[in-house]
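Here the numbering used here is used: position 156 in the sequence shown is 217, and no number is missing along the way.
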Amino acid sequence: MLFIGIYSSNEVSRHMTQIQNWSGSVRFTPKNLHTPETEAALIALVKACSQQNRRIRVIGSGHSFTRLIETDDVLISLNKLQGIINVDHDTHQVTVWGGTKIKALGKHLAAVDLAQINLGDIDVQSIAGAISTGTHGSGAALGSVATQVVGLRLITASGAVIDCSETENRDIFKAAQVSMGTLGIITQVTLQCMPAYTLDYHWYKQPLQDVLHNLDKLKQHRHFEFYWIPHTETTLVKTMNIIDQPAQHKSLFRRFNENVIENLAFWGFSAAAWQFPWQSKRIARMMSTLISNGHDVTASHETFATVRVVKF
Ligand SMILES: Cc1cc2nc3c(=O)[nH]c(=O)nc-3n(C[C@H](O)[C@H](O)[C@H](O)COP(=O)(O)OP(=O)(O)OC[C@H]3O[C@@H](n4cnc5c(N)ncnc54)[C@H](O)[C@@H]3O)c2cc1C
Numbered sequence: 062m063l064f065i066g067i068y069s070s071n072e073v074s075r076h077m078t079q080i081q082n083w084s085g086s087v088r089f090t091p092k093n094l095h096t097p098e099t100e101a102a103l104i105a106l107v108k109a110c111s112q113q114n115r116r117i118r119v120i121g122s123g124h125s126f127t128r129l130i131e132t133d134d135v136l137i138s139l140n141k142l143q144g145i146i147n148v149d150h151d152t153h154q155v156t157v158w159g160g161t162k163i164k165a166l167g168k169h170l171a172a173v174d175l176a177q178i179n180l181g182d183i184d185v186q187s188i189a190g191a192i193s194t195g196t197h198g199s200g201a202a203l204g205s206v207a208t209q210v211v212g213l214r215l216i217t218a219s220g221a222v223i224d225c226s227e228t229e230n231r232d233i234f235k236a237a238q239v240s241m242g243t244l245g246i247i248t249q250v251t252l253q254c255m256p257a258y259t260l261d262y263h264w265y266k267q268p269l270q271d272v273l274h275n276l277d278k279l280k281q282h283r284h285f286e287f288y289w290i291p292h293t294e295t296t297l298v299k300t301m302n303i304i305d306q307p308a309q310h311k312s313l314f315r316r317f318n319e320n321v322i323e324n325l326a327f328w329g330f331s332a333a334a335w336q337f338p339w340q341s342k343r344i345a346r347m348m349s350t351l352i353s354n355g356h357d358v359t360a361s362h363e364t365f366a367t368v369r370v371v372k373f
């Protein structure tokens, strides 16, 4: 991810830095890139921009696919506003800085015996970015990451500070939950978490017809998803359920499967199909033979997070 190396430098502001999102589909050069080190500095910056009629966009980890972060004016990153602010052990509510990356958050929470209720399938997003776009995981009975939010602090375009929740500025809170950076900058987030849990994770190959026939049963897993390989009858099924067992680290087999099969081989097959589209069916059939069956028992934040190298 090109821009991370560029904008995580120690300078507060850089000029004429080219930014690109994860997939490379969005590239732009903001006039100024700021990474304020404190909330007070951020507020002062927003006020100064407001007085000068400057336009602001805010960036998390730049993993969104559309032109949400693009600007030719001021770009603000919360990369230096990361970490836990407060943990309430009675309610399991945790307040964090908006720029906190989900991977780091998972580790911080595990250290205090807590975990996020649900996550998407990567963990490199900022928490505010994930909330702002309605990022979701699987689980028919579970909400998106934004539904875990019980309170927010917004810095509006004029530099005003608005704290909001179900009981305080409720309309703003509901609008801010998935606001794509348009309502203000989220500097602090209070999340409803739960006691740390271990997930029993299974992945296996199953014919498409069987998956469709058993959908109602499969949906009873806490998490269920499947990937169909076009031109074949093959699917890769993934299920996850809470298990009362100590968590282990990701097994070597799972790491191999994720890195080599789901990324390297998938990338190779995709590139081949792109180059020789008339061979797509044969390539898809070859790819379906690589799907394996496996099982792992890991902490929730490690289980959800997969490696995604192939651009889509
Ligand atoms: C490989 C990959 C896998 C993915 N997997 C999933 C998945 O499983 N489920 C899913 O739902 N999505 C998934 N996504 C999408 C991803 O979760 C979202 O695009 C998410 O917004 C990325 O977070 P970010 O921190 O990179 O946000 P950015 O892309 O940097 O920003 C996204 C939006 O949030 C706004 N924003 C960022 N920070 C703030 C802030 N502090 N205050 C206010 N607004 C802010 C930005 O202005 C922008 O509008 C995936 C994306 C990729 C590239």
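Glycine is no exception: its CB is placed at the ideal position from the N, C-alpha and C atoms.
Residues that residue i bridges to, as DSSP identifies them
i, result
"Arg-88", "Gln-81"
"Cys-110", "Cys-110 is not bridged to any residue."
"Trp-158", "Gln-249"
"Val-148", "Val-155"
"Met-255", "Ala-176"
Extent of the continuous alpha helix (DSSP H) run through residue i
i, result
"Lys-266", "Per DSSP, Lys-266 belongs to no alpha helix (DSSP H); it is in the beta strand (DSSP E), 259-268."
"Met-348", "341-349"
Local conformation of residue i per DSSP, three classes
i, result
"Arg-231", "helix"
"Val-222", "strand"
"Pro-338", "helix"
"Asp-277", "helix"
"Ala-360", "strand"
"Val-299", "Correcting the residue type first, residue 299 is Lys in the shown sequence and not Val. It is a strand residue."
"Ala-212", "This sequence places Gly at residue 212; Ala is not what is there. It is a strand residue."
"Phe-365", "helix"
"Ser-5", "Lying outside 62 to 373, the shown extent of the chain, residue 5 is not represented and no answer is given."
"Arg-118", "strand"
"Ile-304", "strand"
"Asn-354", "coil"
"Ile-322", "helix"
"Leu-129", "helix"
"Ile-188", "helix"
"Phe-64", "Low confidence applies to Phe-64: its pLDDT is 38, below 50, so where it sits in the model is not reliable, and the reading given next is rough at best. Looking at Phe-64 - three-state DSSP - the assignment turns out to be helix."
"Leu-94", "strand"
"Gln-385", "Lying outside 62 to 373, the shown extent of the chain, residue 385 is not represented and no answer is given."
"Arg-103", "Note that residue 103 is Leu in the sequence shown here, rather than Arg. In the structure shown, Leu-103 sits in a helix (DSSP, three-state: H, G or I)."
"Leu-136", "strand"
"Gln-143", "coil"
"Ala-171", "helix"
Span of the beta strand (DSSP E) around residue i
i, result
"Phe-285", "284-289"
"Thr-194", "Neither: Thr-194 is in no beta strand (DSSP E) and is coded neither H nor E."
"Ile-178", "Taken as a continuous stretch (DSSP letters only), Ile-178 belongs to no beta strand (DSSP E), as it is neither H nor E."
"Leu-313", "First-last for Leu-313: 313-317, but that is the alpha helix (DSSP H), not the beta strand (DSSP E)."
At least 3 beta-carbon pairs within less than 8 Å: the region 237-250 vs the region 127-146 | yes
Would you be able to state if there are at least three C-beta pairs under 8 Å between the region 327-334 and the region 345-354?
yes
Segment contact flag, the region 248-263 with the region 170-177, C-beta cutoff 8 Å, min 3 pairs: yes
Q) Is the region 143-155 touching the region 95-110 in the sense that three or more CB pairs, one from each, lie closer than 8 Å? A) no
Using 8 Å as the threshold, is the region 227-241 in touch with the region 255-274, meaning 3 or more CB pairs across them? Proximity of the region 227-241 to the region 255-274 falls short of the contact definition, fewer than three beta-carbon pairs being nearer than 8 Å.
Can you confirm whether the region 334-343 touches the region 307-323 when touching is taken to mean that 3 or more C-beta pairs between the two stretches lie within less than 8 Å? no
*How about the region 140-150 and the region 194-214: do they share at least three Cβ pairs that are nearer than 8 Å?*
By the criterion of at least three beta-carbon pairs nearer than 8 Å, the region 140-150 is not in contact with the region 194-214.
Segment contact, 8 Å Cβ cut-off, at least three pairs: the region 112-128 with the region 176-192 | Under the Cβ criterion (8 Å, minimum of three pairs), the region 112-128 counts as touching the region 176-192.
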